[in-house]
Amino acid sequence: MKRRIWILYLIAVTAVAIVVVTAYSQENVKSVQDSAFKTKMRPGAVFLHDEHNEKAEIDDCGTCHHVYKDGVKVEDETSEDMECSECHKIIGDPVPLVAKYHLRCKGCHEEKKAGPVMCSECHVR
Ligand code: HEC
Ligand code: HEC
Ligand code: HEC
Ligand code: HEC
0 MKRRIWILYL IAVTAVAIVV VTAYSQENVK SVQDSAFKTK MRPGAVFLHD
50 EHNEKAEIDD CGTCHHVYKD GVKVEDETSE DMECSECHKI IGDPVPLVAK
100 YHLRCKGCHE EKKAGPVMCS ECHVR
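Residue numbers for the sequence shown follow the working numbering, beginning at 0 and rising by one.
1) Tell whether a beta-carbon distance below 8 Å holds between residue 104 and residue 44.
2) Helix, strand or coil for residue 84, going by three-state DSSP, please let me know.
3) Can you name the start and end residues of the alpha helix (DSSP H) that residue 120 belongs to?
4) Under three-state DSSP, which class holds residue 12?
5) Note down, one range per segment and in chain order, each alpha helix (DSSP H) of at least 4 residues found wholly within the stretch 48 to 120.
Structure below.
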């Protein structure tokens, strides 16, 4: 009898752990830390993933996690399981990785006239 209770307890704990891990995996993104930047000149940029996208009202994940085919963005495909640097190389030709980040992040802030555009507002010490 005791043994059965113990097993039920273990199953319950595991189930809760799985729910917690899947529910919070994206919320854990608090800053952008692309692994391609080995020696960093700046601290990783502040980016509260879910909160940011909600406030900025970005519904399409492909705005950032995009997929291209023959130079054209594929509308209903996304690449959130990949780091930007898996496609955009550090010494990209003609546009290096750092410029891709700045184009995407700062570019939208400039366009919308909302969100930070100063270095120290994103790269917070
Ligand atoms: C404004 C840009 C942006 C938008 C919009 C966006 N993401 Fe992300 N997301 C990022 C960045 C930047 C990272 C972290 C760096 C990386 O993994 O390349 C990230 C990371 C992730 C990760 C990996 C989390 C981890 O723990 O490593 C997942 C999963 C993810 N995003 C899913 C989504 C989904 C689903 C949506 C749409 C609802 C979405 N993202 C919309 C920029 C964005
Ligand atoms: C699966 C590969 C892939 C991933 C992952 C990817 N990109 Fe791209 N991205 C491309 C391709 C292909 C193009 C089109 C050719 C080009 O402009 O380099 C592109 C274009 C761009 C452009 C210029 C065109 C535009 O839409 O304004 C920016 C900026 C950009 N990517 C930023 C990012 C950022 C930031 C991330 C990570 C959140 C990311 N990309 C992830 C493949 C990818
Ligand atoms: C498609 C447009 C868009 C893109 C792409 C985008 N942002 Fe934003 N961002 C916004 C808007 C709009 C706001 C202002 C939201 C508000 O406070 O109402 C904002 C606000 C912010 C803020 C202020 C704090 C906050 O969460 O509101 C930070 C930090 C930020 N963005 C970082 C980033 C980073 C880093 C990236 C690239 C990975 C990025 N943003 C990409 C539109 C965008
Ligand atoms: C809207 C937010 C934003 C602004 C404003 C911004 N950056 Fe960034 N920057 C990023 C993101 C996101 C990355 C990728 C972060 C990472 O993976 O470490 C990045 C990466 C970098 C990198 C490469 C990684 C490193 O630390 O060596 C440098 C250098 C950099 N930024 C310098 C600057 C400078 C200088 C300015 C001001 C002229 C600036 N950034 C403004 C978001 C921003």
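Note that beta-carbon positions come from the ideal geometry of N, C-alpha and C, so glycine has one too. All values reported here derive from a predicted model rather than from experimental measurement.
Taking the definition as stated:
1) By one-based count along the sequence shown, residue 104 stands at place 105. By one-based count along the sequence shown, residue 44 stands at place 45. For residue 104 and residue 44, yes; Cβs fall inside 8 Å.
2) In the sequence shown, the residue the question calls residue 84 occupies position 85. Reduced to three states, the DSSP call for residue 84 is helix.
3) Looking up residue 120 in the sequence shown gives position 121. Its alpha helix (DSSP H) spans residues 118 to 121.
4) If you number the sequence shown from 1, residue 12 lands on position 13. Helix at residue 12.
5) 48 to 54, 96 to 111
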